[in-house]
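Q: Those sequence lines, one after another, are chains A and B. Per the numbering used here, residue 452 is the first one in the first sequence, and the count goes up by one each step. Per the numbering used here, residue -7 is the first one in the second sequence, and the count goes up by one each step. Glycine residues also receive a C-beta, built at the ideal position from the N, C-alpha and C atoms. Quantities reported herein were computed from a predicted structural model and do not represent experimental measurements. For reference, the structure I am asking about is given below.
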Amino acid sequence: MIEVENLCKIYGTTPAIEDVSFSVKAGEILGFLGPNGAGKTTTLRILSGYLPATNGTARIAGYEVHEQSMAVRERIGYLPETPPLYPDMTVEGFLHFVARIKRVAAGDRPLRVEAAMERCGILDRRRSLIRKLSKGYRQRVGIAQAIVHDPPVIVLDEPTVGLDPRQIIEVRNLIKSLAGDHTIILSTHILPEVSMTCSQVVIINKGQIVATGTPENLMEKLTAGAGYEIEVEGEIEAETLNSLLAVPGVKIVDLLPTSPTEPRQRLQVVCETTREPGPELIAACVTEGIKVHEMRRTRASLEDVFLTLTSQEEVTITRSPSEDEPESEEIAKDQLEEDQPEEETVDN
Amino acid sequence: MLVVFSNIIAIYRKELQGYFASPLAYAIAGIFWLLTGYFLIAILLGPDGLIQQVALRDQMGLTEPPIDLSYEFLQVFLRLMGTISLFVLPMLSMGLYAEERKRGTLELLATSPITNWGVATGKLLGVITFYSTMILPLFVLQAIALSVSSPPMSPGIMIVSHLGLILLAAGVLSLGMFISSLTDSTLLSAIGTFALVLFLWVVDIIGQAVGGPLGDALSHLSLISNYTNLVQGVIEIRSLVLFGSYVVLGVFLTAQSIDAFRFQRS
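Here's what the structure looks like:
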């Protein structure tokens, strides 16, 4: 449905994006992930036909975005970084206007506008002037104008920015509900969003694509595999660590530094991909006379992948997977910061 | 074809709605009415006004040549309205594209299945309509005031001269729209438009100074000479063509400048 090949955009002598290629199948949701300034908005603007590319092609539903611009424009709904709203119009009036210029037939317009308002949860403010709306409502009106003409392809540039947590969930559910009938490409720098809504992820940094794949693939690609974190009590010596290392499937065993007064210590175990020697590890600990208080599986979250890819630093995989609870992730990270300096690194 | 027309109407309606909901538009209209209303009274009834002058003249016994007061009034007043409009029109056209750019809504128009010249035409029609509604009350006032004159005012001249004013406005607004499409700052757009209009207003003086065929060509471009012709009730085809050309040129250049953005380094 969307095919992008070797897209380049150069402003003067500075390349904004270089050699960007990806494709999206009909009904999929593609997440375009990257830090600020990476080139996400530039790519989306080229896709929507607003900016011309310096090189490369982009096709939407088979039509080239530059050569066959009108055909493309009829088939996409676009939400730019700043929602394109007229402050002096009412919500309903604005959506009617957008429906008109998007060539919705006159008879269908009231129905479509009603449906878009309902889907975005803005029915109660239909007669409000847009300049009187809060940011969250404006964002929703922005999404409504992107879907009012029921386009096959929807391009959303940071659709959840400025929304409160409840609204973010609503918008994500809305986006998920649109998939299947529509092909969606959205850009964001909010990582949990991507793993929650997208079937495919493209990570871009400094104008170049650094990774593509499903969220799971990406996590696998860049981690040595799952691992464990074991809270133990007892005498840990070099031999102990070696015997744990001897367990088949274990790659690295590290002792995380703790304060000397703390009786319990934490072991970090990194395993080979697809191996799960949990029970064997516990058996080995018992044999060595170490008491096991807690054992946790650790897996790189998408955030680690993102940071690794975009900062070119190795990142410790020491946090438990909890993509559905961003708060606990934060807490775990804070605890971890107390355990610096980082001696443990992922051995790729 | 129908779709294109429907698009233009959609833009036109949106523009009109915008004007009637915008405080700036009301402010401009209000000041315009204040100024022109004052001058209407002053020119007609004031101590130095036309009625006094003619009365004085009659007292002194100079009855030849007979002065058609209403006609004279129309000339003076419309010339004044033209001059005032030169200041007001850039303020009306400055926001046409600059505001859209600033608000980010140009991105919406540029990614919708609507042509650039369609948008430009719709916007131009909208602002001309608004200007016409600004002129309308003055037209009515003049009609009322001059209806009792003797010899009676010919309605034909009234209409032609006011159409001349609207044509002048259309040309200026169209060029102003082009300048607005070049920038995202309304102030810059207003200043640029004012400078261009000033140039075109006095270009006949420049043309005379330059002399030769170039000077002649320049003089023909002058807004004031062509406007004055129309105001006098003289319909010269070349004046109509000139104003029409300004209108078309403005729309054409606007569409090109928006398009040029699309073809940057491509």
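A/Gly664 bridges to which residues according to DSSP?
A: Taking the first sequence and counting its residues from 1, the one referred to as residue 664 of chain A is at position 213. A/Gly664 is bridged to A/Val652.
Q: Please state the DSSP three-state secondary structure of A/Thr767.
A: Residue numbering aside, residue 767 of chain A sits at position 316 when the first sequence is read from its first letter. For A/Thr767, the pLDDT reaches just 45, beneath the cut-off of 50, and the residue's location in the model is therefore unreliable, although a value from the coordinates is still provided. Note: A/Thr767 maps to coil in three-state DSSP.
Q: Which residues in chain B sit within 8 Å of A/Glu525, going by Cβ to Cβ distance?
A: For the purposes of this step, residue 525 of chain A is taken as residue 74 along the first sequence, with counting starting at 1. Correct list: Pro105.
Q: Is B/Val(-5) close to chain A, meaning its C-beta is less than 8 Å from at least one C-beta of that chain?
A: Counting from one through the second sequence, the residue named residue -5 of chain B turns up at place 3. At least one chain A Cβ lies under 8 Å of B/Val(-5).
Q: Would you please verify whether the beta carbon of B/Ala2 is less than 8 Å from any beta carbon of chain A?
A: Within the second sequence, numbered from 1, the residue matching residue 2 of chain B stands at position 10. Closer than 8 Å to some Cβ of chain A, the Cβ of B/Ala2 qualifies, so yes.
Q: Using the beta-carbon of each residue, which ones in chain B are nearer than 7 Å to A/Asp539?
A: Taking the first residue of the first sequence as position 1, residue 539 of chain A is located at position 88. What A/Asp539 touches in chain B: Gly10, Ala13 and Ser14.
Q: For A/Met746, which of helix, strand or coil comes out of DSSP?
A: Along the first sequence, one-based indexing puts residue 746 of chain A at 295. Looking at A/Met746 - three-state DSSP - the assignment turns out to be strand.
Q: Near A/Lys553, which residues of its chain fall below 6 Å by C-beta distance, leaving aside the five closest residues on each side in sequence?
A: Your numbering for residue 553 of chain A matches position 102 in the first sequence. The answer, listed in chain order, is His600.
Q: Shortest alpha-carbon distance to A/Lys460 belongs to which of A/Lys657, A/Gln519, A/Leu481 and A/Arg570?
A: Taking the first sequence and counting its residues from 1, the one referred to as residue 460 of chain A is at position 9. Per the Cα distances, A/Lys657.
Q: Quick check: what's the CA-CA separation for B/Leu27 versus B/Ile127?
A: For this step, residue 27 of chain B is matched to residue 35 along the second sequence. For this step, residue 127 of chain B is matched to residue 135 along the second sequence. Each residue's alpha carbon lies about 12 Å from the other.
Q: One question on the structure: do A/Leu607 and A/Ile635 come within less than 8 Å of each other, judged by their Cβ atoms?
A: Looking up residue 607 of chain A in the first sequence gives position 156. Looking up residue 635 of chain A in the first sequence gives position 184. In contact: A/Leu607 and A/Ile635 (Cβ atoms closer than 8 Å).
Q: Over what stretch of residues does the alpha helix (DSSP H) that includes A/Tyr529 continue unbroken?
A: As a working mapping, residue 529 of chain A is identified with position 78 in the first sequence. Note, A/Tyr529: premise wrong, no alpha helix (DSSP H); beta strand (DSSP E) at Ile527 to Leu530.
Q: So, does the CB of B/Glu64 fall closer than 8 Å to a CB anywhere in chain A?
A: Your numbering for residue 64 of chain B matches position 72 in the second sequence. Not an interface residue.
Q: For A/Asn457, which of helix, strand or coil comes out of DSSP?
A: Looking up residue 457 of chain A in the first sequence gives position 6. Reduced to three states, the DSSP call for A/Asn457 is strand.
Q: If we cut at 8 Å on Cβ distances, does B/Leu100 have a partner in chain A?
A: Sequence index remark: in the second sequence, residue 100 of chain B carries index 108 (1-based). Closer than 8 Å: yes.
Q: Determine whether the beta carbon atoms of A/Glu682 and A/His640 lie at a separation below 8 Å.
A: For the purposes of this step, residue 682 of chain A is taken as residue 231 along the first sequence, with counting starting at 1. For the purposes of this step, residue 640 of chain A is taken as residue 189 along the first sequence, with counting starting at 1. Contact flag unset, no.
Q: Mind checking the stretch 472 to 499 of chain A against chain B and listing, in chain order, the residues whose C-beta falls within less than 7 Å of any C-beta there?
A: Those residues of the stretch 472 to 499 of chain A that come within reach of chain B (Cβ to Cβ, closer than 7 Å) are Ser499.
Q: Have a look at B/Phe(-3) and B/Leu101 and give me their C-alpha separation to the nearest angstrom.
A: The residue you call residue -3 of chain B lines up with position 5 of the second sequence. The residue you call residue 101 of chain B lines up with position 109 of the second sequence. B/Phe(-3) and B/Leu101: Cα-Cα distance of roughly 16 Å.
Q: Using only the alpha-carbon positions, how far apart do A/Leu413 and B/Thr97 sit?
A: Only positions 452 to 799 of chain A appear in this structure, which leaves residue 413 of chain A out of reach.
Q: Measure from the alpha carbon of B/Ala21 to the alpha carbon of each residue in B/Met83, B/Phe235, B/Met150 and B/Ile216, then state which is nearest.
A: Start at 1 with the first residue of the second sequence, and residue 21 of chain B comes out as number 29. It is B/Met83 whose Cα lies nearest to the Cα of B/Ala21.
Q: Between B/Tyr4 and A/Tyr537, what straight-line distance do the alpha-carbon atoms span, to the nearest angstrom?
A: By one-based count along the second sequence, residue 4 of chain B stands at place 12. By one-based count along the first sequence, residue 537 of chain A stands at place 86. Roughly 14 Å between the two C-alpha positions.
Q: Give me the Cα-Cα distance between B/Gly236 and B/Leu130, rounded to the nearest whole angstrom.
A: Mapped onto the second sequence, residue 236 of chain B falls at position 244. Mapped onto the second sequence, residue 130 of chain B falls at position 138. Each residue's alpha carbon lies about 24 Å from the other.
Q: Does the CB of A/Ala533 have a neighbour CB from chain B at under 8 Å?
A: Working through the first sequence from its first residue, we reach residue 533 of chain A at position 82. Inspection of the sequence shows that residue 533 of chain A is occupied by Thr rather than by Ala. Answer yes: the Cβ-Cβ gap between A/Thr533 and chain B drops below 8 Å somewhere.
Q: If we ignore side chains and look at the alpha-carbon of each, how far apart do A/Ala467 and A/Ala567 end up?
A: The residue labelled residue 467 of chain A in the question sits at position 16 within the first sequence. The residue labelled residue 567 of chain A in the question sits at position 116 within the first sequence. Taking the straight line from one Cα to the other gives about 34 Å.
Q: Quick one: grab the DSSP three-state call for A/Asn506.
A: Within the first sequence, numbered from 1, the residue matching residue 506 of chain A stands at position 55. Correct three-state label for A/Asn506: strand.
Q: May I ask you to report which of helix, strand or coil DSSP gives A/Pro777?
A: Residue mapping note: residue 777 of chain A aligns to position 326 of the first sequence, counting from 1. No answer about A/Pro777 holds up, because its pLDDT of 41 lies below 50 and its placement is not dependable.
Q: What residues in its chain sit with their C-beta under 6 Å from that of A/Arg578, if we drop five residues either side in the sequence?
A: Working through the first sequence from its first residue, we reach residue 578 of chain A at position 127. So the list reads Thr541, once near-sequence residues are dropped.
Q: Relative to chain B, which residues along the stretch 554 to 575 of chain A have a C-beta separation below 7 Å, given in chain order?
A: Listed in sequence order: Arg554.
Q: Are the beta-carbon atoms belonging to A/Glu727 and A/Val698 less than 8 Å from one another?
A: Here residue 727 of chain A corresponds to residue number 276 of the first sequence, with the count starting at 1. Here residue 698 of chain A corresponds to residue number 247 of the first sequence, with the count starting at 1. Going by C-beta atoms, A/Glu727 is not nearer than 8 Å to A/Val698.
Q: Under a Cβ-count criterion, where at least 16 other Cβ atoms within 10 Å of its own Cβ denotes burial, should A/Met521 be classed as buried or exposed?
A: Taking the first sequence and counting its residues from 1, one reaches residue 521 of chain A at position 70. Under this definition A/Met521 is an exposed residue.
Q: Output, in chain order, the set of chain A residues within a Cβ distance shorter than 8 Å of B/Thr97.
A: Walking along the second sequence from the start, residue 97 of chain B turns up at place 105. Correct list: Pro535, Leu536 and Tyr537.
Q: Counting only the same chain and skipping the five closest in sequence on each side, list residues whose C-beta sits under 7 Å from that of A/Glu609.
A: Here residue 609 of chain A refers to the residue found at position 158 when the first sequence is read from its first residue. Result list for A/Glu609: Glu532, Ser638 and Thr639, in chain order.
Q: Roughly how many angstroms lie between the CA atoms of B/Tyr11 and A/Leu625, to the nearest whole one?
A: The count along the second sequence starts at 1 and reaches residue 11 of chain B at position 19. The count along the first sequence starts at 1 and reaches residue 625 of chain A at position 174. Using only the alpha carbons, I get a separation of about 35 Å.
Q: Given that a residue counts as buried once 16 or more other Cβ atoms are within 10 Å of its Cβ, and exposed if not, what is A/Leu642?
A: On the first sequence, residue 642 of chain A is found 191 positions in, with the first residue counted as 1. Burial call: buried.
Q: Look at A/Arg524 and B/Thr107 and say whether their C-beta atoms are less than 8 Å apart.
A: Counting from one through the first sequence, the residue named residue 524 of chain A turns up at place 73. Counting from one through the second sequence, the residue named residue 107 of chain B turns up at place 115. Not in contact: A/Arg524 and B/Thr107 (Cβ atoms no closer than 8 Å).
Q: Would you tell me roughly how many angstroms separate the C-alpha atoms of B/Leu167 and A/Glu456, rounded to the nearest one?
A: Taking the second sequence and counting its residues from 1, one reaches residue 167 of chain B at position 175. Taking the first sequence and counting its residues from 1, one reaches residue 456 of chain A at position 5. The straight-line gap from Cα to Cα measures roughly 40 Å.
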